[in-house]
Amino acid sequence: MEIQKIEIQNKNYPKNLKEIKNPPKKIYTIGNQKLLLNQAISIIGSRSNTEYGKLMALNFAKTLSKKGYTIISGLAKGIDTYSHIGAMLEKGKTIAILPCGFNQIYPKENQQLYEEIITKGGLAITEYEPNEKAESEKFPERNRIVSALSKGVLIIEGAYRSGTKITANHAKTYGKPIFCIPSNITNNKGRTPNELIKEGNIIVTNEYDIINKIQNKKSTKTQKEKIIKIEENIEDEYIYKIRTKNKTNPKYAIYKHIKETPIYINDIVTKSKKDISEVNYELTMLILEGYIEELEGKTYIRKK
Amino acid sequence: MLSIVQTISLIGLSGKLIEVQTDINGGLPSFEIVGLPDTTVKESKERIKSAIKNSNIDLKSKKILINLAPANTKKEGSNYDLPIAIGILIATEIIKNPKIENTIFIGELALNGKINKVKGILPMCIEAKRLGIKTIYVPKENEKEATITDQIEIIPVQTLKELIYHLNKIKQIPKSEPSKQKTAQKPQTNNPDFSEVKGQENVKRALEISAAGSHNCILTGSPGAGKTMLARRLPTILPDLTFNEALEITKIHSIAGILETETGLITTRPFRTPHHSISSASMIGGGKIPKPGEITLAHYGVLYLDELTEFKKQTLESLREPLEYRQVTISRVSASLTYPCNFMLIASMNPCPCGYYKSNIKKCTCTQKAIKKYREKISGPLLDRIDIQVEVKPVKYQKLQSTQKIESSQEIKKRVNKARKIQQNRYKNETIICNNELTPKLIQKYCKLDKQGKELLKKAFTKLGLTARGYTRILKVARTIADLEEKQNIEAKHIAEAIQYRIY
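Those sequence lines, one after another, are chains A and B.
Each number in the numbering used here comes from the position in the first sequence (counting from 1) with 21 added on.
Each number in the numbering used here comes from the position in the second sequence (counting from 1) with 416 added on.
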């Protein structure tokens, strides 16, 4: 696929990006440019998320995609990754805004995800030259584009002082609505969304809270009462496949049963319906390849 | 008149022919036995006198002198009763011109003239054959055991009277048919079976590997997790005995006197479960003339130590050399004997004094110090000799309810047997039998890795922090896993599985 350059004078240059105080003079895109015409919602959050954050990102990205919105995120680890994946699970289109040039994808683990996004009809945007590397000051710059391009920003998790907070501040100055998913108050990663709720931003308990605000509709009673249905076992085969180079890796049959809570070896045997000798072998390989970790008492957890 | 009759005495597992020399003369009536007899042998006088009298033979009052030659070895046991009685009867010419060249007599007398069984018949017969004896008179009750020895005439005797008639050629006692039991087959029994155990896949697999390669194995887990229940089912998957193994086990059990009359050749591998209050002498062997201990009784079988940490430290430490050399030398004042003890150690223990460390059933109430102290009871050198560690956890209720078909012991045993055969063939030119005995030199020879395997091991070394000792143990276990799959070479997946059973 070809890299395309859009100058600020060009008629294809996104309008909502032009409206901000310091718009980039030019942007590079790769992929499906038509996506820029669609209504978009940004989903952002911590790079080191919790299991709850991951589920929220996957579920909201999926349901919002289903409703026809484009999901914008920053291709970082954690919530960003799951937001892109969630969108793609629903065959939704997603836009990744990079803090680097197209030849220097950051973080490296997401190279596979990046390729997946553009080959599946998504779009990647950056304001940097193809060979420019990601640097710390580029992240906040990237964040301003993330909030500028969208109709609203959904914040899932973020620590007290974080990039998430910066993006939220951008959104505030651009007058975009900020949607927050509440977290447990003991969850350190939940501080940013909870603080933002306290400041009067919109608390989100289902996708209609977002859609109605964007479309300026009053929510009906039934919609208010609707509790979001969380898919606990959302297909993370996809995640695994994107993360591993070998797309038909048999180890997934074992890996998918290992989550963030420790699981005992015999429970893996029962769930995967595999032979104990095979499970033993796969577990060692997964440990050595750094996907999982062994804890005391023959229990295993997924490595972050 | 003088008579000379032969019998055999056992020192450990080796036999020595003993001459019973009887001299009967006139003079003041007396009955003396010389030649270092122990109390049992000395007491035989009374049994012999009564037995002869109760066989309707009138023994005139004479001066009787018995010498057990060679006179400098200690004689113990009741098996001298019969040869002494025969010696007296020949010397008094009640038995006339018997054919007793290359013949030995073994047996204990009852007061009524009946001949009782004795310990150690099988090794006696085997040793007698080696020493050139052609005919052996044994107690009828020991017949089955004795007939395991072939190419030798076994004559089973029930009473002294019967034997006198036989030796006087009045009425012949038919000699025993040699036992047809040449292969060690396991009889069908109602043993517990692995098919009754739901879940616990990793433990079953670990025990399967242990059984196949005779690897020492330790089970850890909280109380009630099923450690003992699982270990007790281990005998059902142990590989079949070869004839030589069976013979050796039978010999040992015969000496120890724990062989049942009906058994003949022992066909199942021993499974010894000493209580944790055992002394180190009973564990290793001991006594004035050392007797085999639990480790020797577990030869070619399993020594199961339940609640390993409760055993005395000294007892556990004394297992170190036997585990290494597979034989034990016990030295006492009167004798220094070497017994074989090629056993497989299966141990079970709790993770901490209260038993619930890291358990999800109950909260552990132990302090870190207490846990440390508890684990220190098992010394490093002992743990070094254990190849496989496996954690046992209680099975969840859902699993207990599942109706999924579970592999039976029979099916597991088939694989174990095959793996053991492969090992026997591979090591036929070596002094070892199974993978557990592999020395570093033999590991180099027989545990060749392919490129992937080497890479995997290298990775595991740095990532999991394996030690050099851990390395050899993983190779040994991997060798067994490859054998279970009937693979010539060790592959990466075998190593990967072996790593899961490493000791921490």
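We put the CB at the ideal spot given by N, CA and C, even for glycine.
Note that this is a predicted model, so its numbers are computed, not measured.
Distance from the CA atom of B/A912 to the CA atom of B/I919, rounded to whole angstroms, is 14 angstroms. Beta bridge pairing from DSSP links B/M699 with no other residue.
Under the Cβ distance rule, B/Q784 does not count among the residues neighbouring chain A, no pair being separated by less than 8 angstroms.
The DSSP-derived three-state label of B/A526 is coil. The three-state reading of DSSP puts B/L732 in helix, counting H, G and I together. Restricted to the region 614 to 686 of chain B, the beta strand (DSSP E) segments that are unbroken, complete and at least 3 residues in length are 633 to 637, listed in chain order. Beta bridge pairing from DSSP links B/K909 with no other residue. B/I802 counts as buried, since no fewer than 16 other beta carbons sit within 10 angstroms of its beta carbon. In the DSSP assignment, B/S494 falls outside any beta strand (DSSP E), carrying neither H nor E. Close to A/Y149, with beta-carbon spacing below 8 angstroms, lies no residue of chain B; the smallest spacing is near 36 angstroms.
Separation of A/N124 and A/E156 (C-alpha to C-alpha, rounded to the nearest whole angstrom) is 14 angstroms.
Just measuring C-alpha positions, the residue of B/S471, B/M760, B/E559, B/T438 sitting nearest B/R688 is B/M760. Listed along the chain, the chain A residues whose CB falls inside 7 angstroms of the CB of B/I915 are T305. With its beta carbon less than 8 angstroms from one in chain A, B/K879 belongs to the interface. Interface flag for A/Y285 against chain B is set, since a Cβ pair is found closer than 8 angstroms.
A residue is called buried once 16 or more other Cβ atoms fall within 10 Å of its Cβ, and B/F521 is buried on that count. In this structure the region 755 to 771 of chain B touches the region 631 to 648 of chain B; the number of beta carbon pairs closer than 8 angstroms is three or more. For B/E492, not one C-beta of chain A is nearer than 8 angstroms to its own C-beta.
Interface residue (Cβ-Cβ distance to chain A less than 8 angstroms): B/Q743 is not classified as such. In terms of Cα proximity to B/K479, the closest of B/P486, B/I804, B/A507, B/I502 is B/A507.
When DSSP reads this structure, B/N532 sits in a beta bridge with B/E524.
Contact annotation: in the region 290 to 318 of chain A, residues whose CB is within less than 7 angstroms of a CB in chain B are V290, T291, I297, S298, N301, Y302, L304, T305, M306, L309, E317, G318.
B/Q422: member of the beta strand (DSSP E) spanning 418 to 427, first to last residue. Taken atom to atom, the span from the alpha-carbon of B/S824 to that of B/N618 is near 15 angstroms. Annotated three-state conformation of B/F447 is strand, per DSSP. For A/K280, same chain residues with a beta-carbon under 8 angstroms away, outside a window of 5 residues either side, are E72, I322, R323 in chain order. The straight-line gap separating the alpha-carbon atoms of B/I449 and B/N532 is approximately 21 angstroms. B/A912 belongs to the set of residues whose beta carbon lies under 8 angstroms from a beta carbon in chain A. Straight-line measurement puts the Cα of B/K535 at about 12 angstroms from the Cα of B/Y496.
Distance from the CA of A/K159 to the CA of B/C770, rounded to the nearest whole angstrom, comes to 56 angstroms. At a cut-off of 8 angstroms between C-beta atoms, B/R621 counts as an interface residue with respect to chain A.
Burial of B/Q839 is indicated by the presence of at least 16 other C-beta atoms within 10 angstroms of its C-beta. In the same chain as B/S638, and ignoring 5 residues on each side of it, the C-beta atoms closer than 6 angstroms to its own belong to G771, Y772, S775, in chain order. Going by C-alpha positions, B/S460 is about 24 angstroms away from B/H669. Within the DSSP bridge table, the entry for B/N483 names B/Q437, B/V450 as partners. The C-beta of B/S626 has 16 or more other C-beta atoms within 10 Å across all chains shown, which makes the residue buried.
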